[in-house]
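I have placed the structure first, in the form of structure tokens, so that the comments after it can refer back to it.
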Amino acid sequence: MRGARVCHLGQAAIAPQRPCLPVARAVVMPGRCNRVRIIAGQWRGRKLAFPDGEGLRPTPDRIRETLFNWLAPRLPGARCLDLFAGSGALGFEAASRGAARVVLVERSAAVVASLRANRERLAAGAVEIVHQDAASYLCGTPQPFDIVFLDPPFGDAGALQASVCSLSDAGWLVAGAGIYLEMPVKTPLVGAPDSWVLLKDKRAGEVLFRLYSYRSRH
Numbered sequence: 022m023r024g025a026r027v028c029h030l031g032q033a034a035i036a037p038q039r040p041c042l043p044v045a046r047a048v049v050m051p052g053r054c055n056r057v058r059i060i061a062g063q064w065r066g067r068k069l070a071f072p073d074g075e076g077l078r079p080t081p082d083r084i085r086e087t088l089f090n091w092l093a094p095r096l097p098g099a100r101c102l103d104l105f106a107g108s109g110a111l112g113f114e115a116a117s118r119g120a121a122r123v124v125l126v127e128r129s130a131a132v133v134a135s136l137r138a139n140r141e142r143l144a145a146g147a148v149e150i151v152h153q154d155a156a157s158y159l160c161g162t163p164q165p166f167d168i169v170f171l172d173p174p175f176g177d178a179g180a181l182q183a184s185v186c187s188l189s190d191a192g193w194l195v196a197g198a199g200i201y202l203e204m205p206v207k208t209p210l211v212g213a214p215d216s217w218v219l220l221k222d223k224r225a226g227e228v229l230f231r232l233y234s235y236r237s238r239h
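Read left to right, the sequence shown gives residues 22 to 239 (our numbering).
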């Protein structure tokens, strides 16, 4: 496990306490099933089922459509990481549109079970599901990704900030990688690493969403 480190986010510096400790598990409410639609690609119109969970709020269709229009040139053959998979809407959408590898990281056992069921139903061979929280996953051996999705449980600004800090370490992002962030208007990300270049920034209701590009220092 790596020790604590200082992460420079723009002009500010944040020194996370025990960055590799797992975060609290989501509370899943049994007995209810929700659905979200895949917008385009080989599984266009197919629906993903997922249970209720605290803070689990799938990215709305309108925002996803905008996001994947932004990502369209990057997606074919891309390696994607979704650190807060939830419903799987972002990861399965990426796989549907031609991503070569999609890693979904999710801490809730009930939500992981629904992700696995959706993967089997779609025969989504490019999708890998990891039952782990984001902080612990980012304490593992870095793997290079072309696209990373950061959409933590709604309102969990701490998880977003910690993930941004960990991803700024060498090894997770290839040069030119796209990083998508989604957050409430009331609790936006405070700064970003100097190596992240803001490409897009939009608001939809109470949600802010941004796309950055990683500028390698090497």
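Glycine included, every Cβ here is placed at the ideal spot set by N, Cα and C. Small disclaimer: the values here were computed from a predicted structure and weren't measured.
Inset, instruction - State the Cα-Cα distance for the pair Phe170 and Leu102, rounded to the nearest angstrom. - result: 6 angstroms
Inset, instruction - Quick one: measure Cβ to Cβ for Arg154 and Arg128, integer angstroms, because I've assumed they're closer than 8 angstroms. - result: Correcting the residue type first, residue 154 is Asp in the shown sequence and not Arg. Asp154 to Arg128, Cβ: 4 angstroms. Contact.
Legend entry - For Ser184, the nearest candidate out of Ser234, Gly199, Ser157 (CA to CA): Ser157
Legend entry - Proximity to Phe147 [Cα-Cα], best of Arg100, Val133, Leu69: Sequence inspection shows Ala at residue 147; the Phe mentioned does not correspond to that position. Of the listed residues, the one whose Cα sits closest to Ala147 is Arg100.
Inset, instruction - Rounded to whole angstroms, what's the CA-CA distance from Leu194 to Phe175? Just pull it up for me. - result: 24 angstroms
Inset, instruction - Mind checking which residues open and close the alpha helix (DSSP H) that includes Trp91? - result: 82-92
Inset, instruction - Find out if the Cβ-Cβ distance for the pair Glu149, Leu125 is shorter than 8 angstroms. - result: yes
Legend entry - Buried or exposed (CB count within 10 angstroms, at least 16 for buried), Ala45: Bear in mind that the predicted position of Ala45 carries a pLDDT of just 29, short of 50, making it unreliable; the figure below should be weighed with that in mind. Ala45 should be labelled exposed.
Inset, instruction - Please check if any C-beta of chain D sits within less than 8 angstroms of the C-beta of Leu111. - result: Within the model displayed, chain D is absent; a lone protein chain is all it includes.
Legend entry - Span separating the alpha-carbon of Phe227 from that of Pro205: What sits at residue 227 in the sequence shown is Glu, not Phe. Approximately 6 angstroms between the Cα atoms of the pair.
Legend entry - Start-to-end residues for the beta strand (DSSP E) that takes in Arg231: 228-235
Inset, instruction - Give the straight-line distance between the Cα atoms of Ala47 and Gly197, rounded to the nearest whole angstrom. - result: Below a pLDDT of 50, predicted positions are generally treated as unreliable, and Ala47, at 32, falls in that range; no measurement from the model is reported.
Legend entry - Nearest-angstrom Cα separation, counted from Gly192 out to Ser216: 13 angstroms
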